[in-house]
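Just so you know, the sequences run in chain order U and A.
Each residue of the first sequence is one higher than the one before, starting from 82 at the first, in the working numbering.
Each residue of the second sequence is one higher than the one before, starting from -9 at the first, in the working numbering.
Beneath this line is the structure, given in structure tokens, with notes to follow.
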Amino acid sequence: MNAMQMLWSSIFLGGIAQILLKCGVRNARVSSGEKLGHWALRLLTSWWIWAWGLSFAVATVLWLLAVSQINISYAFPLLSAGYVLVAILSRIFLGEKVSWKRWAAIVLICLGVVLIANQ
Amino acid sequence: MSEELMTETHAALLANVPGKASAVRRTYFVELVVLGSVLFAATGHLLIKSGLNSLRAAGLPSGLVPRLMSYAFAPAVICGLLIYGIGTALWVFAVSKRDISYLFPLSALNYVVVALGGSWLFGEQIPATRWIGILVVFGGVWLMQQWGFEESQ
Chain U
82 MNAMQMLWSS IFLGGIAQIL LKCGVRNARV SSGEKLGHWA LRLLTSWWIW
132 AWGLSFAVAT VLWLLAVSQI NISYAFPLLS AGYVLVAILS RIFLGEKVSW
182 KRWAAIVLIC LGVVLIANQ
Chain A
-9 MSEELMTETH AALLANVPGK ASAVRRTYFV ELVVLGSVLF AATGHLLIKS
41 GLNSLRAAGL PSGLVPRLMS YAFAPAVICG LLIYGIGTAL WVFAVSKRDI
91 SYLFPLSALN YVVVALGGSW LFGEQIPATR WIGILVVFGG VWLMQQWGFE
141 ESQ
């Protein structure tokens, strides 16, 4: 895998990780009167949560490998593609309603991240 | 609408003056948890960075394994990882309460905190375009919590 492929794999996997996390906490809802610590322990037995942890870790390693070869000011703005990806995936896999207002906010945030990285 | 959000709204209704029930006040608890998560994660990042900086200044051992060992036993790196872990735990809690398409863009505040913290701690210059970017991210985050909130569970 070359550096650009690692970079995009990292962004894609990072987005998938957020979807897996949401699936995990959705499946393990806090039941009424349950202690937060007990809920946290219950989360640790969830395959979704382990899949999240694993994909998050792999995404981080891929990111570190990629930015050791690519200029960080070039790689960094691409991370904002993750917000668009998560919005699309959340709609497909979680049935979230992404209104045009949310899209407007996402576009603005992406623009801001690109400007922060620009030098 | 979920049960939890219903109770939240109900509580907000009860907290209001009778007769003014139409003006439902939303609670910002989850948004504050996200802010906490961002601050912890960014502090963790900055601590890890300062730990790595001082290791580099002291001279790193050659070879991958000794180098990784010196990273793993640096106090600033360990503290940074622990604080980053607290940030992650807060994030998991927040995700259990709201839509991911609503919350994930809010985490962009992390870049703002790291940019500001980096300039404060390491004397990194903030060029004009970066200041504009910081303001634009703030604007987007404000817009999201203001506009994108509806049906966010």
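Virtual Cβ for every residue (Gly too), placed ideally from N, Cα, C.
Because the structure is a prediction, the values reported are computed rather than measured.
Whole angstroms are fine: how far does the CA of V167 (chain U) sit from the CA of F94 (chain A)? When rounded, the distance between both Cα atoms is 8 Å.
Could you give the DSSP three-state label for A64 (chain A): helix, strand or coil? The answer is coil: DSSP assigns A64 (chain A) none of H, G, I, E or B.
Can you confirm whether N243 (chain U), when its beta carbon is compared against all beta carbons of chain A, has any partner nearer than 9 Å? Lying before the first or after the last residue shown, residue 243 (chain U) is absent from chain U, which here runs from 82 to 200.
At least one CB of chain U closer than 9 Å to the CB of E21 (chain A): is that the case? So, not an interface residue.
Output the distance between the C-alpha atoms of S112 (chain U) and F83 (chain A), rounded to the nearest integer angstrom. If I take the Cα positions, the gap works out to 14 Å.
Would you mind working out which of U:I100, U:Y155 and U:I130 sits nearest L196 (chain U), comparing C-alpha positions? Checking every option, the nearest Cα to that of L196 (chain U) belongs to U:Y155.
Complete alpha helix (DSSP H) runs within the region 162 to 193 of chain U (minimum length 4 residues, chain order): As far as the region 162 to 193 of chain U is concerned, its whole alpha helix (DSSP H) runs of at least 4 residues are 162 to 174.
Selection from A:G107, A:V23, A:I122 and A:T78 that minimises the alpha carbon distance to K39 (chain A): The shortest Cα separation from K39 (chain A) among A:G107, A:V23, A:I122 and A:T78 belongs to A:G107.
Within 8 Å, do at least three Cβ pairs link the region 86 to 100 of chain A to the region 91 to 104 of chain U? A contact exists between the region 91 to 104 of chain U and the region 86 to 100 of chain A.
Compare the C-beta of V208 (chain A) against all C-beta atoms of chain U and say whether one is closer than 9 Å. The requested residue 208 (chain A) is not part of the displayed model; chain A covers only -9 to 143.
Would DSSP call R57 (chain A) helix, strand or coil? For R57 (chain A), the secondary structure class from DSSP, reduced to helix, strand or coil, is helix.
For S112 (chain U), does the three-state DSSP call read helix, strand or coil? S112 (chain U) carries a coil assignment under DSSP once its states are collapsed to helix, strand and coil.
Comparing the C-beta of P51 (chain A) with each C-beta of chain U, is any distance below 9 Å? With 9 Å as the cut-off, P51 (chain A) does not count as an interface residue toward chain U.
So L36 (chain A) and L111 (chain A) are supposed to be a Cβ contact under 8 Å. How far apart are they, rounded? Right, their Cβ atoms sit about 6 Å apart.
Does the count of Cβ pairs from the region 122 to 132 of chain A and the region 57 to 73 of chain A closer than 8 Å reach three? Judged by Cβ distances under 8 Å, the region 122 to 132 of chain A makes no contact with the region 57 to 73 of chain A, as fewer than three pairs qualify.
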